[in-house]
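In this text, residue positions in the sequence shown follow my numbering: the first is -2, and each later residue adds one.
Reading through the C-alpha cells given below for one structure.
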Amino acid sequence: METRHISSITLYANVRKPGPVETAAKLAPWIRARGLECRVPADLASLLPGEMPSPEDDVLNADLVVVLGGDGTTLTVARKLARRRGVMLTVRFGSFGFRAEVEPEEVEIALEQVLAGDCNLEVRPMLSTTRLCGGKVVEEHPALNDVALVRGGSSRLVKIEAFLNDSPLAVYSGDGVLVSTATGSTGYNLAAGGPIVHPTLDAYIITPICPHALHFRSLVVPGESRLVLRMAETDGEAQTSVDGQITFPLRHGDELQVRQSPFGARFITLPGRPTIYDKVRLRLRWGERLL
C-alpha cells in the first residue's frame, strides 16, 4: 500500500474502558515524535492530560484512523468514515475481535509497518439502509455488520414481506429478518444459523430469525441485489436495528430498502497476521474438545 501521504493520524478509542485510553495516551506522543499530526476527538481528549480536542471534521479526515476498542467501536467508526473513504487500523480490546488487526502491545510495531508501506488495503462491502414513509425517505444509514428487522416489545410474531430485485421473495413469520454483510456473517447472522462468508465477498445474507416454518433458510445474494422489507399486517410494527447501535421503528405502510452501499469500509491489513480462517478457528474454538 502507498503510504507516503500519511501525515495525520486520528486516535479513536472506546473511552468507557481504561485499556484503550491508556494506549492512546502512549501513542499520541509516539506519533508526534515522528513528525506526524495526531488528532484526538473531544471525548478522548478530555481523559488525556494536556491534550487538546481536534474538530470533528479533522478527526474524520485524517489519513489514518487507529481504532482502539472492540468490534462495536469499529462499527461506529466505519459508519462515520464510509463516505469519507477513511482508512482504519484496528486494535483489539474486545472479546472476539473478528475485525481487529493487531493486539495492543503490537500497535507501535504495526504503525511502523504502515508508515513504511509494508501493509495492504482491504475494502469490505457495507450495506445502505433506507426507511421510507409514504414514499418519502425519512432516514438512511450505512451498516458494516447487519440490519435487523425484529419484533419490538410485543411477544407476537411479526410477518414481513420481502421483495428481491422487485420480485416477491418470501413472507417471513417469526421474530424477524436479518440482513448481514459478509463482514457481519460471524456475528448475529451466525447465532441465527446463517453461514460464515469471507468478509471481502461481494454478497450479503438474508437470514430469518426464529422462523415459524422450519423450511425457511438463509439466502446468500449478489451484492448488487435490491431488497425491500415491509410489514405484512395492517397493525404490524417492528424495530429496525443497524449494526446493533441505531434503532428506529418500521410500521405498516413503511418500507425498508436494503442494498449494497457505494462506500466500503477500508481496513489496513498487515502481512503475516492471522487470516479470517485463523480467527474463526481460534475465536470459535474449531477443532477443540469442548468437554
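Every residue, glycine too, gets a C-beta built ideally from N, C-alpha and C.
Val147 vs Ser238 beta-carbon contact at 8 Å: yes
Where Ile193 sits in the DSSP three-state scheme: coil
Given 8 Å, three or more beta-carbon pairs between the stretch 125 to 145 and the stretch 184 to 191: yes
Contact under 8 Å by Cβ, Arg36 with Thr70: no
Delimiting residues of the beta strand (DSSP E) encompassing Gly66: Leu61 to Gly66
Within 8 Å, strictly: CB atoms of Leu44 and Ala25: no
Same chain, Cβ closer than 7 Å to Val218, five either side skipped, listed in chain order: Leu161, Ala200, Tyr201 and Ile203
Distance cut-off 7 Å: Val255 Cβ against heavy atoms of the ligand NAD: As far as ligands go, the structure on display features none, and thus does not contain the ligand NAD.
Three-way DSSP call (helix, strand, coil) for Ala167 in this model: strand
CA-to-CA distance, Val194 to Leu124, given in whole angstroms: 15 Å
Under the three-state DSSP convention, the category Glu234 falls into: strand
Where Gln242 sits in the DSSP three-state scheme: coil
C-beta contact flag for Leu112 and Val84 at 8 Å: no
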